[in-house]
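Using UniProt numbering, the first residue of the sequence shown is number 1, and each one after it goes up by one.
Heads up, the beta-carbon is just placed ideally off N, CA and C, and yes, glycines get one too.
Below: one structure, written as structure tokens.
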Amino acid sequence: MAADEINPVDLPEADLAIQAAPADQWTGFWTRQNMLGDIGGLRSALAGYGVTLALTETSEYLNNAKGGLNRGGDYDGLTTMTLKLDTLKLFGLAGGTLNISAVNIHGRNLSADKLGTLQTASGIEADTGTRLWEAWYQQKFLDETLDVRAGQQSIDQEFMVSQYASTFVNTMFGWPAVPSYDMPAGGPAYPLSALGIRVRAHPTDAISVLAGVYDGNPAGTNDGDPQRQNAHGTNFDLHTGALYIAELQYGVNQASLGRTETANAGLPGTYKLGAWYNTQNFADQRFGTDGLSLADPSSNGNPAEHSGNYSVYAVADQMIWRLAPDSMRSVGVFARVMGAPGDRNLISFSANAGVTLTSPFEGRDTDTASLGMGYAKVGSAAAGLDLDSGNRVRNGETYVEATYQYQLTPWLQLQPDIQYTLNPGAGQSPNDPTLRLGDTLVWGLRTNITL
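Structure, rendered in structure tokens:
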């Protein structure tokens, strides 16, 4: 591959669409790729210097119709701005990309206000505010079979990712329950990120290997709300241990590196196996340093500590049916499972799986209809402490989600959604651990706008 060719895997869908668009891509309000078009020539001018400006707005209204903490609805939204610089066009260095992004989070969080679930209803829920998200530089080497990324990174953009799971609204289809609860501050994942370095190699067209090391706690401290401790995303800390993560990816019937199409008519799939390790000390969820339960009145109240924390995981995405090799109509399935030690973690196991139908109706090539479910299991030590305390003993929480993405225009997507959660909070109310919450039923509408 020539040094100035772009690997599509590194580009957001909006960028790919822009590259494929004709010269009049900015004309026609309802047919162009971006709602704001060329912004008075700004995008075209920036593109001449290798700069891509991407703006997106995700807004949603979700309503809890039954169970949980309270009934009622909330609005929340996420505005994302990304600047991507191609160093070849900018100053002649082939294979380099500088990426800077910021987010504005607005509205209220339905899950905290009205649900009380462990597996939160929306992947954009977070503390309100404006923050730096990512700021990294990536350089490709060896005919683009190797690349290195360094800087402030959100690892949910590359690790543990399921292609077919990305159509859903529930948080856990994006960043799953195990890392969300078991990594300090929920890990370097939206809305947080951490300084680090990632190496990716493509030894063959079918195999990719990713490995990275990042700061162990993106909040910089274990005290208080991590999103408030790092309120603007600018705590560039390297003093809270280290997070190591590696992932092996195997592609079936995939396009060769640097190409978007494959001559192979077989159904494509991707299979991933990974693990992470955090070097910090982690508190036992049940016992103190004196060997007594933390619920025992005689306990000294100091949790025993475990050196390090870890998890292993597997992800599978597979297309199982396609109307024809050149047809958009297809069915894909996915599954993702992961586990972690039950003595030092709130969640010891989580899984999600589902099915996605692309182009479900004639003339709706870019629509998707999806059905999925997820499960999170409370660790044995945390459940044991519930028993010792006389509270309801937490076990597992399960949710089911059905969603439809309707592409109204190239830049506007409407997404009605419904979710049902069984045994919210794994059987325990966050407001009163002696009580059980009723099952929740959430309905709502999300809009995705490419500005």
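Under DSSP, the beta strand (DSSP E) around residue i begins and ends at which residues?
i	result
P416	412-422
A304	303-322
K114	Note, K114: premise wrong, no beta strand (DSSP E); not H, not E.
R228	Unbroken run through R228 is the alpha helix (DSSP H), 226-229; no beta strand (DSSP E).
A194	194-201
L408	396-409
W443	440-450
A94	Premise fails: A94 is in no beta strand (DSSP E) and is neither H nor E.
N352	347-358
S429	From DSSP, S429 is part of no beta strand (DSSP E); its letter is neither H nor E.
F334	330-339
Alpha carbons only, please: which of the options is nearest the one belonging to residue i?
i	options	result
E60	A255, L346, F168, L195	F168
R436	V393, W136, S311	V393
H306	R131, E125, L243, Q285	Q285
M183	L387, Y406, A219	A219
L451	R364, L69, M35	M35
N345	A283, A335, T366	A283
G72	D113, S389, T56, M172	D113
I347	G339, N63, L115	G339
L118	N448, S350, T434	S350
T204	D143, A376, L53, Q227	D143
L371	T356, S122, A65	T356
A353	A121, G174, L83	G174
A376	L55, A177, S298	A177
A255	L248, E247, A265	A265
E247	H202, Y164, P226, R329	H202
A335	M319, N222, T120	M319
Y250	A206, D223, R228	A206
T56	N63, D74, G37	G37
R446	G123, T97, R32	G123
W443	S299, K66, N395	K66
D367	T358, M373, G374	T358
G425	N448, A126, A382, E158	A382
S162	S389, G332, P341, D317	D317
E397	I449, S429, G40, L88	S429
M415	L42, A54, G28, L62	A small fix is needed here, since residue 415 is Gln in this sequence, not Met. Among L42, A54, G28, L62, the Cα nearest to that of Q415 belongs to L62.
Y164	V378, S299, V331	V331
N391	V378, T434, N217, F287	T434
L267	W276, V252, N281	V252
D243	W26, F236, W276, D74	It should be noted that the sequence gives Leu, not Asp, for residue 243. Of W26, F236, W276, D74, the residue nearest in Cα terms is W276.
Would you say residue i touches the ligand GDP, meaning its beta carbon is less than 6 Å from a heavy atom?
i	result
P430	In the structure on display, the ligand GDP does not appear, and there are no ligands present to speak of.
Which first and last residues belong to the alpha helix (DSSP H) in which residue i is found?
i	result
T87	87-91
A382	380-389
Is it right to say residue i is buried, meaning 16 or more other beta carbons lie within 10 angstroms of its own, or is it exposed?
i	result
T440	buried
G68	buried
N431	exposed
G427	buried
P179	buried
V315	buried
I155	buried
N278	buried
D386	buried
T289	exposed
A20	Summary for A20: the model assigns pLDDT 42, below 50, so the residue's position carries little reliability; its value from the coordinates is reported in the next sentence. It counts as exposed.
N309	buried
A135	buried
A324	exposed
L93	exposed
D326	exposed
residue 453	Residue numbering for the chain in the displayed model covers 1 to 451; residue 453 lies beyond these limits and cannot be assessed.
Q138	buried
L90	exposed
D86	buried
D215	buried
T31	exposed
The stretch 408-422 contacting the stretch 47-54, beta-carbon criterion three pairs below 8 Å: no
The stretch 195-204 contacting the stretch 145-162, beta-carbon criterion three pairs below 8 Å: yes
Those runs of the alpha helix (DSSP H) which lie wholly inside the stretch 106-185 and span at least 4 residues: 177-182
Every unbroken beta strand (DSSP E) inside the stretch 213-301 [3 residues or more]: 242-252, 269-288
The stretch 261-277 contacting the stretch 347-363, beta-carbon criterion three pairs below 8 Å: no
At least 3 beta-carbon pairs within less than 8 Å: the stretch 65-80 vs the stretch 96-104: yes
The stretch 417-426 touching the stretch 398-406, judged by at least three CB pairs closer than 8 Å: yes
The stretch 287-299 / the stretch 183-193 touching (three or more Cβ pairs under 8 Å): no
In chain order, each beta strand (DSSP E) run of at least 3 residues that lies wholly inside the stretch 34-72: 51-66
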